[in-house]
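Participant:
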Amino acid sequence: MRAITVSADARLELTELPDPSPGHGEVVLDVAAAGLNRADVLQRAGHYPPPPGASDIIGLEVSGTVRELGEGVTGWQVGDRVCALLAGGGYAEQVAVPAGQLLPVPAGLDLVDAAALPEAVCTAWSNLVDVAGLSAGQTVLVHGGSGGVGSAAIQLSRALGARVLTTAGGPGRAARCEELGADVVIDYHGDVPAAVHEATGGTGADVILDVLGAGGLADNVAMLATGGRLVVIGTQRGTRGEVDLMALMRKRASVHGTTLRARPLGEKAAIVTAVRERVWPMLHDGRLRAVVHDRLPLAQAERAHELLDSGEVFGKLLLVT
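The sequence shown lines up with residues 16 to 336 when you count with my numbering.
(1) For V307, I'd like the list of residues in its chain whose CB is within less than 7 Å of its CB, leaving aside the five on either flank, ordered along the chain.
(2) Going by alpha carbons, who is nearest to H158 out of I19, Q58, G242, I201?
(3) For the alpha helix (DSSP H) that contains L58, what are its first and last residues?
(4) At which residues does the alpha helix (DSSP H) containing H320 begin and terminate?
(5) Which full runs of the beta strand (DSSP E) of 3+ residues lie inside the region 151–230, going along the chain?
(6) Going by C-alpha to C-alpha distance, which of R191, E134, V81 sits closest to V328?
(7) Roughly how many whole angstroms lie between the Cα atoms of R173 and V207?
(8) Report yes if the C-beta distance between E41 and E134 is below 8 Å; otherwise report no.
(9) Going by CA-CA distance only, name the one from P186, G61, I73, G38 that's closest to G115.
(10) Could you check where the beta strand (DSSP E) with I19 kicks off and where it finishes?
(11) Are the CB atoms of L156 and I403 within a distance shorter than 8 Å?
(12) How far does the alpha helix (DSSP H) with G281 in it reach, from first residue to last?
(13) H308 by DSSP, collapsed to three states: which one?
(14) Using 8 Å as the threshold, is the region 138–150 in touch with the region 102–112, meaning 3 or more CB pairs across them?
(15) Consult DSSP for V258 and reduce its assignment to one of helix, strand or coil.
(16) Please report the straight-line C-alpha distance between V199 and V136, rounded to a whole angstrom.
(17) Let me confirm a value: G253 is counted as buried when at least 16 other C-beta atoms fall within 10 Å, else exposed. Which label applies?
(18) So, is L260 buried or exposed, given that buried needs 16 or more other C-beta atoms within 10 angstroms?
(19) Please look up how many angstroms separate the CB atoms of I169 and G163, rounded, as I've assumed it's under 8 Å.
(20) For S70 and A99, what's the separation of their Cα atoms in angstroms?
(21) I think A214 touches L180, with their Cβ atoms under 8 Å apart; what is that distance to the nearest whole Å?
(22) Keeping to the same chain, check which residues put their C-beta closer than 7 Å to that of L280; ignore five residues upstream and five downstream.
(23) Expressed to the nearest angstrom, what Euclidean distance is found between the alpha-carbon atoms of G176 and V294?
(24) Taking the DSSP output, what are the residues bridged to S78?
(25) What are the partner residues of L117, as DSSP defines its beta bridges?
(26) Of all the options G272, V43, Y63, which has the alpha carbon lying nearest to the alpha carbon of V93?
(27) Let's test the definition: count the other Cβ atoms within 10 Å of the Cβ of A209 and tell me whether it reaches 16, buried, or not, exposed.
(28) Determine the DSSP secondary structure at T241, reduced to helix, strand or coil.
(29) Look at the Cβ atom of R53, then the Cβ atom of G249, and state whether they are nearer than 8 Å.
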């Protein structure tokens, strides 16, 4: 098969590699497309290695068709149209994946575009619902609403009945966030805490989904409501910061940090099952859609990473095999 590998000087190269074989409980997919994520850029730079036993090929989500079933796999057949959450291996023509991390491609959804869903939706759902306990009537602040996870989080929050605040850069991106269901869009170049204070009447956000990390920590704590939950899922502005514990204690608030990639297989399978039961119906009735910025051939992975780094992408970039 053809796959993208990282050279010694961190270039992305199209390479011929052996076809994967399914282990017990795994299936092999013929990949139609792979979704790009910020974690891919970090792995390429050597800052986010795959968990033990995972493929060292970049790529955390794909869509495609089932090519081969491993021992012990039930509920799937060769030829099924699926998308999948991966620990690695996505930038390739084939990939082996635990069967518990497969999702069926909903009827009417393009097979290629389905690659935009697994990582973004599973990340948004598990953190908004499982970790933060977001419910109808609450207010959520989604940092980076134009990103892959952010665009999914806006839609999911709206579908759950929450009031959605998000940050974005510029009027064009703000308008697109509003189309996805954001009630208030805040320019991240401005005074975000002041804007959140105004938008919430001074009460703050019940839930904040954060990709900034250390650089946004103090502002995020300041923007939390009493009993609020800050969930950090990215570190775009650093990994180490200080927090005013008294401010956190006065608000009876909490800070959570999570990743999805390194979780045990059972936890990932539980998240995928919940997404299939609770989120997939939203794709059928139109409350949720895949947000795809562009599709590029697998051989143009280098160009795709340049686009991702440019800050101009809205939603997801896809690599098509």
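For glycine and all other residues, C-beta sits at the position ideal for the given N, C-alpha and C.
Facilitator: Reading it off the structure:
(1) In the sequence shown, the residue the question calls residue 307 occupies position 292. In its chain, beyond the 5 residues on either side, D128, A131, G330, K331, L333 have a beta carbon closer than 7 Å to the beta carbon of V307.
(2) Translated into the one-based positions of the sequence shown, residue 158 becomes position 143. When the alpha-carbon of H158 is set against those of I19, Q58, G242, I201, the nearest one is in I201.
(3) Start at 1 with the first residue of the sequence shown, and residue 58 comes out as number 43. Correcting the residue type first, residue 58 is Gln in the shown sequence and not Leu. Residue range 53–59 is occupied by the alpha helix (DSSP H) that includes Q58.
(4) Here the question's residue 320 lines up with position 305 in the sequence shown. Segment 316–325, the alpha helix (DSSP H) holding H320.
(5) For the region 151–230, the continuous beta strand (DSSP E) assignments of 3+ residues that do not extend past its boundaries occur at 154–157, 178–183, 199–202, 220–225, in sequence order.
(6) Counted from its first residue, the sequence shown places residue 328 at position 313. Among R191, E134, V81, the Cα nearest to that of V328 belongs to R191.
(7) Residue 173 sits at position 158 when you count from the first residue of the sequence shown. Residue 207 sits at position 192 when you count from the first residue of the sequence shown. Rounded to whole angstroms, R173 to V207 spans 21 Å at the Cα level.
(8) The count along the sequence shown starts at 1 and reaches residue 41 at position 26. The count along the sequence shown starts at 1 and reaches residue 134 at position 119. Cβ atoms of E41 and E134: not closer than 8 Å.
(9) If you number the sequence shown from 1, residue 115 lands on position 100. Here the closest residue by C-alpha is G38.
(10) Translated into positions along the sequence shown, residue 19 becomes position 4. Per DSSP, I19 is one residue of the beta strand (DSSP E) stretching across 17–21.
(11) Absent from the structure is residue 403, since the part of the chain shown begins at 16 and ends at 336.
(12) Here residue 281 corresponds to residue number 266 of the sequence shown, with the count starting at 1. Element bounds for G281: 280–289.
(13) On the sequence shown, position 293 is the one that residue 308 refers to. Judged by DSSP in its simplified three-state form, H308 adopts strand.
(14) Using a Cβ-Cβ distance cut-off of 8 Å, the region 138–150 and the region 102–112 are not in contact, since fewer than three pairs of beta carbons, one from each stretch, lie closer than that value.
(15) The residue you call residue 258 lines up with position 243 of the sequence shown. In the structure shown, V258 adopts coil according to DSSP, grouped into three states.
(16) By one-based count along the sequence shown, residue 199 stands at place 184. By one-based count along the sequence shown, residue 136 stands at place 121. Approximately 21 Å between the Cα atoms of the pair.
(17) Residue mapping note: residue 253 aligns to position 238 of the sequence shown, counting from 1. Per the 10 Å Cβ criterion, exposed.
(18) Counted from its first residue, the sequence shown places residue 260 at position 245. Its Cβ having fewer than 16 others within 10 Å, L260 is exposed.
(19) To locate residue 169, count along the sequence shown from 1; it is residue 154. To locate residue 163, count along the sequence shown from 1; it is residue 148. The beta carbons of I169 and G163 sit about 11 Å from each other, so the pair does not count as a contact at 8 Å.
(20) Translated into the one-based positions of the sequence shown, residue 70 becomes position 55. Translated into the one-based positions of the sequence shown, residue 99 becomes position 84. Distance between the alpha carbons of S70 and A99 is about 15 Å.
(21) In the sequence shown, residue 214 corresponds to position 199, counting from 1. In the sequence shown, residue 180 corresponds to position 165, counting from 1. Going by Cβ atoms, the distance from A214 to L180 rounds to 6 Å, so yes, they are a contact pair.
(22) As a first step, residue 280 must be located in the sequence shown, where it is residue number 265. Hits under 7 Å: P113, G115.
(23) Within the sequence shown, residue 176 is the residue found at index 161, counting from 1. Within the sequence shown, residue 294 is the residue found at index 279, counting from 1. Those two C-alpha atoms are separated by around 14 Å.
(24) Residue numbering aside, residue 78 sits at position 63 when the sequence shown is read from its first letter. Paired residue(s): A48, C98.
(25) Indexing the sequence shown from 1 puts residue 117 at position 102. Partner(s): A99.
(26) By one-based count along the sequence shown, residue 93 stands at place 78. Selected option, being the one with the closest Cα: V43.
(27) Here residue 209 refers to the residue found at position 194 when the sequence shown is read from its first residue. Under this definition A209 is an exposed residue.
(28) Translated into positions along the sequence shown, residue 241 becomes position 226. Reduced to three states, the DSSP call for T241 is strand.
(29) Translated into positions along the sequence shown, residue 53 becomes position 38. Translated into positions along the sequence shown, residue 249 becomes position 234. Cβ atoms of R53 and G249: closer than 8 Å.
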